[in-house]
Amino acid sequence: MGTRAVLHRGPKTDQIERYTPAERIAHWLTAGTYVYAMATGLGFFTPYMYWLVEIVGGGPTARFWHPIIGLGYVFTNVYLHHQWKSDLKLIPEDRVWLDKVKYYITNEDDLLPEQDRFDAGQKLFYWGMLYCAVILLVTGVVMWFPESIGRSWHWVLPLVVIIHSAAALITIGGLIIHVYMGVFMVPGSVKAMTIGYVSRGWAILHAPLWYKKVANGRTVK
Amino acid sequence: MAGGTLQIKAISGHAGPVAGANTSRDYDVCKLVDTTTCIGCKACEVACVEWNGYPFRPTSFDNTYQTMPNTEWNYWNLIRFDEHENADGTFQWLMRKDQCMHCEDPGCLKACPADGAIVQYSNGIVDFQQEHCIGCQYCVTGCPFDIPKFNQETKKVFKCTLCSDRVNAGLEPACIKSCPTGCLHFGSKDDMLALAQARATQLREHTSHRNAGVYDPEGVGGTHVIYVLHDSSNPEKYGGLPKNPRVPILVQLWKGPLKWLGGLSMMFGVMGVAIHYLRFGPKEAEMKDADIQKEDRNRGN
Amino acid sequence: MTNGWIDIKNTDMMLIMGGNPAENHPCGFKWAIEAKRNRNAKMIVIDPRFTRTAAVSDLFLQIRTGTDIALLGAFINYTLQNNRVNHEYLVNYTNASFIIKEGFKLPEDGLYSGWDADKHTYDKSTWNYESGGLTKVDAPSHPEATAHGIAAAGAPPPSLPENVAYDPTLQHPRCVYQLLKQHYSRYTPETVEKITGIPKDQIIKAADMFTSIRKDGSTKQVATIIYAVGWTQHSSGTQTIRGAAMLQLLLGNVGRAGGGVNALRGHSNIQGATDMAGIFDILPGYLKVPVPKDVDFKTYLTRITPKPAKPGEWQSFNYWSNSPRFAVSLLKSFYGSAATKENDFAFHYLPKVDKNYSWAELWDRMYAGKVQGLFAFGMNGVAIGPNSQKNIDALKRADFLVVCEIYPDETSEFWRAPGITPEEMKKINTTVYRLPGAGFAEKDGTFVNSARWLQWKYAAVPPPGEAKLDQEILARIFLKIRDLYKKEGGKFPDPILNASWSYTNPYNPSLTEVAKEINGKALEDVTDPATQTTIKAGQQLPSFAFLRDDGSTTSGNWLYCGSWTEAGAMIQRRGTEDPSGLGIYQNWGWSWPVNRRVLYNRASCDTNGKPWDASRAQVWWNESAKKWVGNDVPDFKPDSAPSDHMGPFIMNPEGVGRIFVPLGMVADGPFPEHYEVFESPAQNILHPQQPNNPVAIRLKSAADKIGTTAEGYNIVCTTYRLTEMYHYWTKNNPMNVQLQPEPFVEIPAELADELKISGGEKVKVTSARSYYIAKAMVTRRIRPMMIEGKKTYQIGIPIHWGYRGIAEDEGRTAKTLANQLSPAVIDPNAFTPEFKGFLVKLEKA
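Residue numbers (this note's numbering), protein chains in the order written: chain A, 3 to 223; chain B, 247 to 547; chain C, 59 to 903.
Shown next as structure tokens:
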């Protein structure tokens, strides 16, 4: 699917379409819903971040929208998954990359095996977010309707809250890395997710196998 | 509340200091429910609904004298009726006035994330402030007595206020006022405890209730509603009064260490990437055209 | 109540039987709780069900409904066998030592002496004391006795002897004490277990606990007996209460703080209704109503004025000897200046009551087409029953019905009763007038509570819309009738035309004026010889000591004389001082008679005039002042020294309490005897050939069927009220309906299992008269009982629903009335129907 990306020969020559408009819309919907849920969730999580709740309309409003937007986040995730699932399949080669991930961290990327459209780190981030979304969904629904839990199962409620919080914290950890990488560590990524294109050089550097596929053996002027 | 006697000593979901923290009044207020002299007349139920201005609600017959299965967001005071056969063959028809226990260590307040939605006054009353309530129902999770109840329409949680409005004006709660047999008492915690202990002793010494005792559970730091029970060894038979109520351990975990752990790990996360940036900096993002062509060739394209 | 609500706090022991005060008198019940809390008083509860009262009791016994006399008999037997009596009290304050006439026979076969099987009545002449004063054990029977025993037809009715024979050693075989002992020796725990269904060890345990206050000869402690309509609503209701009174006399508990025989009245002013002659056979102040035999005033006064009847050496105050003063003052109050000495104070204006006009019999006569109309004020006659279906059918035959109510009810809409088709409705020709009454909070006036306290209340809100106060409605009707008599004359207009009606606003008399009128005033200057105080003409009288039989005073009810004096409205007082700590509150409201809180309080002292218990000193003899003084108003001749040996029961011509009731003053017999309820699941093992009360009144109309076990009616059913409801009113109030939403039937779990009925299912209860449909409440609070070796079930029905109300109008009920089931079998003294025990069948509806 992702391999639908083609070399663009329009005004922006030498650019490769990294993300289709649909993918970008899906990403930003996911990001937007996530950020709202995260901000309000953090407000509910600790009084020191309750101001986050206040800036998005106050407690009752935030509490009203949090589960609904959270549900929206899950739906956009499904949409995203629908588009990316083949590119995000974990393959045996990913293991090699992950074993050598320290080279990635130390920016010695040439010591790493070549990666396809998404590298193993991205894949892991994606699957982590997806599984956490499932957990957040299940626990969130219980927290949404606590009165549906019988008295004898009451003890489940705090457990559910803890699991929900833990899952959310994991996603926040992922997000910190994701945003850092996208904004600071890998220049051009923001452009890729906003305008949709990367340079040939970016592609060769960060997704050489993918580059090979999309370039399809042709020399580009 | 200006001019009254209430001073706040604890606030839910509150980041800063609380003006009245750690203060206590000359006396804490306390309601004593002597189940051994309760006749289940429900005057307290009616007084509660009428004082708080809630409408009458339709109920249906449910094979019991109990008005409804559980307290509701607008029905805070319910006599629980239980027919109980003791192991020794004696029979009891137990009636217990169920309402908020006004814990000294309130699980609802602990669990509540909304700043100021739950406050504890220095006289011990735990009160919900609906204008700050966000409707998350974490208080439901935190309460070991299943007391806070959610109003689906307003998305707010309600419970007995121990008539904080009346107490603030120097009056006793409405239920106390209405009790015809005097099984309800109101006063300072010390006085009520003394009264309760004396009654329990009297029951043990002068009646067949050898296990009579006072219910003032330590697990929640004691309560500002206490019971005299005929049989304090088995509070569950009184409509499921928990034997050792405590703020659920998971709630304590969640609101204590986990909250800090979460906050810290987020902080470390941000710091971690910042340090990484300073140490390693960004990755290469572009190549010279010549290199790209070389690359293309190498790839046999 | 001989005592009062607050006085219950002074008790050491409570026997609550035939009543469920926690349910029906929750506010007064606080004093029972106080006694438990402050005095470690014990509470014994005996009831067909484990009630709300039982829930806070120390001992509960489940009794088969209607067998209370048997159990009380067992208690009396236990008291005598174990010598738990207050001997000094028994000998001096009761008629235990009085000797009964030769020829008197105890009811071993179910009948006392003098039974006339044809006329179905007793010749009560042997139910009398022997004459002759102090008598030795071996003294021969008095020759007069046998002569008296055979009362010739036309002879004057038998009366009490002037000089009663007595034996203070209580050894004479015909003294009351010995007869009592003999009578109740049959009530062994074994026999009573078979009758009541209570295991005999439980009977002994309860008897021992209750009489433990007299263990080892102690006279300090006090026990009280508390009852309500669970006793009265039986065909032997009066005798059941007698049993309690006898037990209390044996123990010496009557007259004492924390003692007495205490009837809990079921409505806020039912005591006032009784005091003011809400019954056909009395005038206000319990004066007997004139009968056709009272051909003139003198005859009437002779009949109602008793002469002292006591051992010659003793004294008797005989307070009813003042009856003429009370009667004349009443007539002056009724007829004002039209009542003169010359015309016997218009005695001839009073109707002479020729037959029994009791509740159930009124309906019976309407059912028979003899009563053509009914005014129903402040009661719901159809729902009250008994045998409501018959009452509904009776109203169909009436010409008119006037109902004054605040809600449409079962009576004012009797044609909407279940089973009446629209076609039938069209054929009902009864004209119904509905008058807009005012609710209790819209009226001022007094309530008289069970403790005989008159307490003034103020209207909270004015009556809404066209609603009017009762007195305005009654006044307008009265004035209209008087106008008609004036214009058209009539058979006997005088009583109407001459009735005193001197209110400022005759169309709406103020109740303060009425209250003052009831208290009474002096028409001329009157002086009390004892105190030499004079009341001037026109002034309010301070007490009934000033009442005169010469027409110089008025009083609408001698008992209430002193309630509204020149000093003001005693009934409006709100003083909370209680110096004695006994809860007497002399300055709160006003209690009849003369603000006395405990009746017969002379009996709270021993024969020397010293309180039995100094810590509960009510009154005592002050030797230096030569006067009875105390915290309460002494119920006695104030200057009668203990050495005079005047009896403390001043309302009896004997001066003493009656363990033996002479001359059929209680129609059933001198001692209570166990009779089965009319619909009983068991035979009467004491005398199977005479199972029921022979003098109880059983109505004979086609609607008055009695069911038997042979016909399959083998479940015992009783009826009662709930604390969440008030009679048939509150089914119109959403709050009460919220607390008890629907009619139900309480069914023992074992019976429910047998019939495969589960809680909440609809069941049908059928008696020989009609049926009732409600939901099943399956409970363990009613247990199956073994009666004569047979498993017997009791079920219970709260009475509060009908065919008009919130749940009814919403279609949530079957619209049947509990009293469609109950039979019209009536106690021969108080004429109360047997609501509390009858037979039914039970099935799923």
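Virtual Cβ for every residue (Gly too), placed ideally from N, Cα, C. No experiment lies behind these values; they were computed from the predicted model shown.
*Tell me where the beta strand (DSSP E) around Gln279(C) begins and ends.*
Start at 1 with the first residue of the third sequence, and residue 279(C) comes out as number 221. That residue, Gln279(C), is in no beta strand (DSSP E); it is neither H nor E in DSSP.
*Report all residues from its chain with a CB closer than 7 Å to the CB of Lys763(C); omit the five preceding and five following residues, and keep chain order.*
Taking the third sequence and counting its residues from 1, the one referred to as residue 763(C) is at position 705. Within the same chain, Lys763(C) has close Cβ partners Ala826 and Arg827.
*Can you say whether Ser171(C) is buried or exposed, counting buried as having 16 or more other CB atoms within 10 angstroms of its CB?*
Translated into positions along the third sequence, residue 171(C) becomes position 113. That one is buried.
*To which residues of the same chain is Thr824(C) closer than 7 Å at the C-beta, ignoring the five residues directly before and after it?*
Taking the third sequence and counting its residues from 1, the one referred to as residue 824(C) is at position 766. Closer than 7 Å at the Cβ level, and outside the excluded window around Thr824(C), lie Val898 and Lys899.
*asked:* Check for me: the alpha helix (DSSP H) holding Asn82(C) runs from which residue to which?
replied: Here residue 82(C) refers to the residue found at position 24 of the third sequence. Counting along the chain, the alpha helix (DSSP H) containing Asn82(C) begins and ends at Pro79 to Asn82.
*Give the range of the beta strand (DSSP E) segment to which Tyr38(A) is assigned.*
For this step, residue 38(A) is matched to residue 36 along the first sequence. In the DSSP annotation of this structure, Tyr38(A) is not part of any beta strand (DSSP E); the continuous alpha helix (DSSP H) holding it starts and ends at Pro23 to Phe47.
_Nearest neighbour of Phe307(B), chosen from Trp185(C), Leu875(C), Glu804(C) and Thr489(C) [CA to CA]_ = Start at 1 with the first residue of the second sequence, and residue 307(B) comes out as number 61. Of the candidates Trp185(C), Leu875(C), Glu804(C) and Thr489(C), the one whose C-alpha sits nearest the C-alpha of Phe307(B) is Glu804(C).
*So which residues of chain C does Glu418(B) contact, with C-beta pairs closer than 7 Å?*
Indexing the second sequence from 1 puts residue 418(B) at position 172. For Glu418(B), there are no neighbours in chain C by C-beta distance under 7 Å, as the nearest C-beta there is about 16 Å away.
*What does Gln796(C) reach in chain B if we use C-beta pairs closer than 8 Å?*
Here residue 796(C) is taken as the residue at index 738 of the third sequence, counted from 1. Around Gln796(C), the beta-carbon contacts reaching into chain B at under 8 Å are Phe302, Arg303, Pro304, Thr305 and Thr313.
_Could you check whether the Cβ of Ile91(C) sits closer than 9 Å to any Cβ belonging to chain B?_
Locating residue 91(C) in the third sequence gives position 33, counting from the first residue. It does; some Cβ of chain B falls within 9 Å.
*Whether Gly626(C) touches Leu599(C) by CB criterion (9 Å)*: In the third sequence, the residue the question calls residue 626(C) occupies position 568. In the third sequence, the residue the question calls residue 599(C) occupies position 541. Going by C-beta atoms, Gly626(C) is not nearer than 9 Å to Leu599(C).
*Would a check of beta-carbon distances place Val163(A) closer than 9 Å to chain B?*
Taking the first sequence and counting its residues from 1, one reaches residue 163(A) at position 161. Closer than 9 Å: yes.
*Determine which residues of the segment 135-159 of chain A have a Cβ less than 8 Å from any Cβ of chain B, and write them out in chain order.*
Hits within the stretch, in order: Met145, Pro148, Glu149, Arg153, His156, Trp157 and Leu159.
_Using 8 Å as the cut-off, can you tell me whether the segment 115-125 of chain A makes contact with the segment 165-175 of chain A, which would need three or more C-beta pairs spanning the two stretches below that distance?_
Contact fails: fewer than three Cβ-Cβ distances are below 8 Å.
_Interface flag, Phe337(B) vs chain C, CB-CB below 9 Å_ = Position 91 of the second sequence, counted from the start, is the residue given in the question as residue 337(B). Yes, because at least one Cβ of chain C sits closer than 9 Å to the Cβ of Phe337(B).
*Over the uninterrupted alpha helix (DSSP H) stretch that includes His522(B), give me the two end residues.*
As a working mapping, residue 522(B) is identified with position 276 in the second sequence. It spans Lys505 to Phe526 - the alpha helix (DSSP H) in which His522(B) sits, taken as one unbroken run.
_Within chain B, partners of Lys88(C) - CB distance below 7 Å_ = Along the third sequence, one-based indexing puts residue 88(C) at 30. Correct list: Pro426, Thr427 and Gly428.
*Close beta carbons around Ala396(C), own chain, < 6 Å, minus the five adjacent residues each side*: In the third sequence, counting from the first residue as 1, residue 396(C) sits at position 338. Sequence-distant partners of Ala396(C) (beyond 5 residues in either direction) whose C-beta falls short of 6 Å from its own C-beta, in its chain, are Ala404 and Asn556.
*Between the CA atoms of Leu809(C) and Thr837(C) - distance to the nearest angstrom*: Along the third sequence, one-based indexing puts residue 837(C) at 779. Along the third sequence, one-based indexing puts residue 809(C) at 751. Roughly 10 Å between the two C-alpha positions.
_Can you confirm whether Lys94(C), when its beta carbon is compared against all beta carbons of chain B, has any partner nearer than 9 Å?_
What you label residue 94(C) is simply residue 36 of the third sequence in a count that begins at 1. At least one CB atom of chain B sits nearer than 9 Å to the CB of Lys94(C).
*Give a yes or no on whether 9 Å exceeds the smallest Cβ distance from Ala289(B) to chain C.*
The count along the second sequence starts at 1 and reaches residue 289(B) at position 43. Yes - at least one Cβ of chain C is within 9 Å of the one on Ala289(B).
*May I ask you to verify whether the segment 770-785 of chain C touches the segment 814-822 of chain C, counting CB pairs closer than 8 Å and requiring at least 3?*
Under the 8 Å Cβ criterion, the segment 770-785 of chain C does not count as touching the segment 814-822 of chain C, having fewer than three qualifying pairs.
*So the beta strand (DSSP E) Val140(A) belongs to, where does it begin and stop?*
Walking along the first sequence from the start, residue 140(A) turns up at place 138. Boundaries for Val140(A): no beta strand (DSSP E) harbours it, while the alpha helix (DSSP H) harbouring it runs Ala122 to Trp146, taken from the DSSP string.
*Just grab the DSSP bridge partners of Thr152(C) for me.*
The count along the third sequence starts at 1 and reaches residue 152(C) at position 94. Beta-bridge pairing links Thr152(C) to Gly715(C).
*For Glu782(C), decide whether its Cβ has a neighbour in chain B, counting only Cβ atoms nearer than 9 Å.*
Numbered from 1 along the third sequence, position 724 holds the residue referred to as residue 782(C). It does; some Cβ of chain B falls within 9 Å.
*Beta carbon proximity, Gly509(B) to chain A, threshold 9 Å*: Here residue 509(B) refers to the residue found at position 263 when the second sequence is read from its first residue. Yes, Gly509(B) lies at the interface with chain A (some Cβ there is under 9 Å from its Cβ).
*Can you give me, in chain order, the residues of the segment 318-336 of chain C that have a beta carbon less than 8 Å from any beta carbon in chain B?*
Cβ contacts with chain B: none found.
_3-residue-minimum beta strand (DSSP E) runs that sit fully inside the segment 552-638 of chain C, ordered along the chain_ = Counting whole runs of 3 or more residues, the segment 552-638 of chain C contains no beta strand (DSSP E) stretch at all.
_Contacts that Glu331(B) makes with chain C (C-beta to C-beta distance below 9 Å)_ = Here residue 331(B) is taken as the residue at index 85 of the second sequence, counted from 1. Counting only Cβ-Cβ distances below 9 Å, Glu331(B) has contacts in chain C at Arg838, in chain order.
*What residue from Lys356(C), Gly301(C) and Gly727(C) has the CA that sits closest to Val319(C)'s CA?*
Walking along the third sequence from the start, residue 319(C) turns up at place 261. Ranking the options by Cα distance to Val319(C), first place goes to Gly301(C).
*Asn320(C): first and last residue of the uninterrupted beta strand (DSSP E) it sits in*: Reading the third sequence from its first residue, position 262 is the one you call residue 320(C). DSSP places Asn320(C) inside the beta strand (DSSP E), whose first and last residues are Val319 to Ala321.
*asked:* Relative to the C-alpha of Arg632(C), which candidate in Lys549(C), Phe108(C) and Trp514(C) has its C-alpha closest?
replied: As a first step, residue 632(C) must be located in the third sequence, where it is residue number 574. Of the candidates Lys549(C), Phe108(C) and Trp514(C), the residue whose Cα lies closest to the Cα of Arg632(C) is Trp514(C).
*asked:* Quick check for students: name the residue ranges of the alpha helix (DSSP H) that lie wholly in the segment 280-345 of chain B, counting only runs of 4 or more.
replied: Segments of the alpha helix (DSSP H) lying fully in the segment 280-345 of chain B: 289-297.
*asked:* Any beta carbon of chain C sitting closer than 9 Å to that of Gln345(B)?
replied: The residue given as residue 345(B) occupies position 99 in the second sequence. It does not; no Cβ of chain C falls within 9 Å.
*asked:* Check whether the segment 183-191 of chain C and the segment 709-721 of chain C are in contact - that is, three or more C-beta pairs closer than 8 Å.
replied: A contact exists between the segment 183-191 of chain C and the segment 709-721 of chain C.
*asked:* Under 9 Å, Cβ to Cβ, is there at least one residue of chain B near Phe118(C)?
replied: By 1-based counting over the third sequence, the position of residue 118(C) is 60. By this cut-off, Phe118(C) is an interface position.
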